[in-house]
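Start counting the sequence shown at 9; every next residue gets the next number (my numbering). We put the CB at the ideal spot given by N, CA and C, even for glycine. The structure displayed is predicted, hence computed values, not measured ones. Okay, so here's the structure we're looking at.
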Amino acid sequence: MTEGMSLRERKKLQTRHRLLAAATELFAERGFDKVSVAEIAEAAEVSKMTVFNYFANKEDLVLSPMEEHIGDVARVVRERAPGRSALVAVRTQFLEGIERRDPSVGMSDLPVVLQVRRLIQETPALLMRAHSFSMRSFELLAEALAEEGHEPAIARIAAAQLIGTRNSLIQANHARLLAGEPSDAIAPEAAALAVRGFALLADGLGGFAIRK
């Protein structure tokens, strides 16, 4: 990760990681609202001003890693090969994330990742901000599809279905990990569920949930 970086860049990255780790530990121990930026700075052995040099606000100390992935879905759609559908591109990226145990698809059981996930779920302000990230991912994907010449309203409908399916799969993964199941154990079932979920989009909902 640090290959090719200057010493200054590596030190800045180390400080950022130290701040994130200190904040996560304090938040997990006492709750998000009961920890001050000054206390985080003291735990990370930096000044309060240094914290704000790296993070605009306290929420960013939890959510900035998640924010880095807002454009992932739009990017894989834009970069897909000729002849490949948007659905196939999104599904492939998701399945590869499961294989890598990537936190961005809800498949990491590292203690710090689980701590952050619990913190988000237990803190309304963080949950609302995380939801805004999802909405932004949807907007970016809709823009990417519209740029290809698709009718904007149809692009938004397709983007909503792709992002909605993806979010539901991530939530299913999170639920199992937070219940204590290891990622290696649930990965095969998570991949199978993803295949089924995206197949529902590919096949359409016309034959789904026909009332008997």
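Taking residue i as part of the alpha helix (DSSP H), name the residues at either end of that continuous run.
i: H25; result: 15 to 38
i: V120; result: 119 to 130
i: E197; result: 191 to 211
i: K56; result: 56 to 62
i: E47; result: 45 to 52
i: A180; result: 160 to 186
Using CA atoms only, rank isn't needed, just tell me which of the options is closest to residue i.
i: S112; options: P73, E67, G12, L201; result: P73
i: E107; options: R88, I165, P196; result: P196
i: E87; options: E76, T100, E75; result: T100
i: S191; options: K20, L170, L122, S145; result: L122
i: D80; options: A210, G105, L69, E67; result: G105
i: V146; options: A166, K19, A29, R137; result: The residue you asked about is not Val; residue 146 is Phe in the sequence shown. Looking at the Cα atoms, A166 is the closest of the given residues.
i: G205; options: T23, E50, A82, L103; result: L103
i: E53; options: R164, E76, R26, P90; result: R26
i: A29; options: L69, R164, A202; result: L69
What does a CB cutoff of less than 6 Å around residue i pick up in its chain, not counting 5 residues either side in sequence?
i: Q169; result: L209
i: R24; result: Y62
i: V85; result: A94, A97, A152
Apart from the five residues on each side of it in sequence, which residues of its chain come closer than 8 Å, Cβ to Cβ, to residue i?
i: N175; result: S142
i: L34; result: V43, E47, I48, A51
Leaving aside the five residues before and after residue i along the sequence, list all residues of the same chain whose C-beta is less than 7 Å from its C-beta, in chain order.
i: V124; result: T32, V70
Residue ranges of each alpha helix (DSSP H) run of no fewer than 4 residues wholly in the region 66 to 112, ordered along the chain? Secondary structure in the region 66 to 112: the alpha helix (DSSP H) runs of 4 residues or longer, each lying completely within the stretch, are 68 to 75, 80 to 86, 94 to 108 in chain order.
* Asked: Quick check: the region 85 to 102 against the region 53 to 62, are there 3 or more CB pairs under 8 Å?
  -> no
>> I'd like to know if the region 124 to 138 and the region 150 to 170 are in contact, where contact means that at least 3 CB-CB pairs between them fall below 8 Å.
In response: no
Check whether the region 113 to 120 and the region 39 to 46 are in contact - that is, three or more C-beta pairs closer than 8 Å.
no
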